[in-house]
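All remarks here apply to the structure that follows.
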Amino acid sequence: MKRQLAIFLVALMPFSVFAETNTGKVKVLMEVLGLLDMWSTQIASGKVQSEKMGQQTLDQMMSQLNPNEEFKKRFSDAYKSYMKKVVAPWSPQEIVEVWAKYYGPNFTEEELDKLIEFYTSELGKKDVAATKLTMVQFTEHFQKEVQPIYAKATKEYIEELKIVASECKCSKKKSITTSKK
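Using my numbering, the first residue of the sequence shown is number 518, and each one after it goes up by one.
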């Protein structure tokens, strides 16, 4: 039984090595195509957008309140919780792995080498430039896809802020002005 298992594992080793090599070549191809930089930029852009939206919501809420330090901290904690919910959960490395998982099996190592060679040629570089121009549509697509995530997280964030505000009992007092007649 142990011998059969050993033979089976040895037989699988080339596939494991191929998968690692294949993933490495797909990563090189993605770098040549500019995909890693593009996705990293989009992840960072999404984070900035989320931070801005969350801070604007918090600022709006705080402009109507006069909380003490305890409740300022709770509002801040609610903001941090919101940010954790809307930040893209994947890293550039995970993007490479997912891309390689779906893209890599369609090509042999030799074909990947040829693709890398092509995309480092003048025509390949031209294709890369043209592809970058179409990324506006790609970005719009994912901005649309992420809206329900933001909407849900924002709704939860606002509800949490309302709870903190109601417990705080720290509404700004309206100033009483006397008018002279």
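Heads up, the beta-carbon is just placed ideally off N, CA and C, and yes, glycines get one too.
Taking the alpha-carbon positions, what's the residue i to residue j distance?
i: PHE535; j: VAL615; result: Confidence is the limiting factor: at PHE535 the pLDDT is only 41, short of 50, which leaves the residue's position unreliable and the question unanswerable from this model.
i: PHE624; j: ASP630; result: 10 Å
i: ILE680; j: ARG591; result: 10 Å
i: ALA682; j: LEU582; result: 8 Å
i: SER638; j: THR648; result: 15 Å
i: LYS642; j: GLN573; result: 41 Å
i: LEU632; j: GLU611; result: 22 Å
i: LYS493; j: ASN585; result: Residue 493 is absent from the model: the chain starts at 518 and stops at 698.
i: PRO622; j: ASN539; result: 8 Å
i: THR656; j: LEU650; result: 11 Å
i: GLN654; j: GLU587; result: 45 Å
i: TYR596; j: ILE560; result: 19 Å
i: LYS698; j: ALA670; result: Residue placement at LYS698 is flagged as unreliable, the pLDDT there being 45, under the threshold of 50; the coordinate-derived value follows with that caveat. Whole-angstrom Cα-Cα distance: 51 Å.
i: SER688; j: LYS672; result: 21 Å
i: HIS658; j: GLN664; result: 10 Å
i: LYS508; j: LYS661; result: The requested residue 508 is not part of the displayed model; the chain covers only 518 to 698.
Looking at the secondary structure, which residues open and close the alpha helix (DSSP H) in which residue i lies?
i: LEU629; result: 626-636
i: GLN566; result: 552-579
i: TRP616; result: 609-620
i: LYS669; result: 652-685
i: LYS597; result: 586-603
Taking residue i and residue j to be in contact with their CB atoms under 8 Å, please state how far apart those CB atoms are, rounded to whole angstroms.
i: TYR636; j: LEU546; result: 7 Å
i: TYR667; j: VAL603; result: 6 Å
i: VAL543; j: TYR620; result: 6 Å
i: SER557; j: PRO609; result: 5 Å
i: SER598; j: GLU677; result: 7 Å
Let me make sure I understand the geometry here. Which of the options has the alpha-carbon closest to that of residue i?
i: GLY571; options: MET600, LYS589, ASP554 and SER557; result: MET600
i: SER593; options: TYR674, LYS689 and SER688; result: TYR674
i: VAL565; options: ALA605, SER688, MET555 and GLY541; result: ALA605
i: GLY541; options: LYS618, GLU657 and TYR596; result: LYS618
i: ASP554; options: LYS661, VAL645, SER688 and LYS672; result: VAL645
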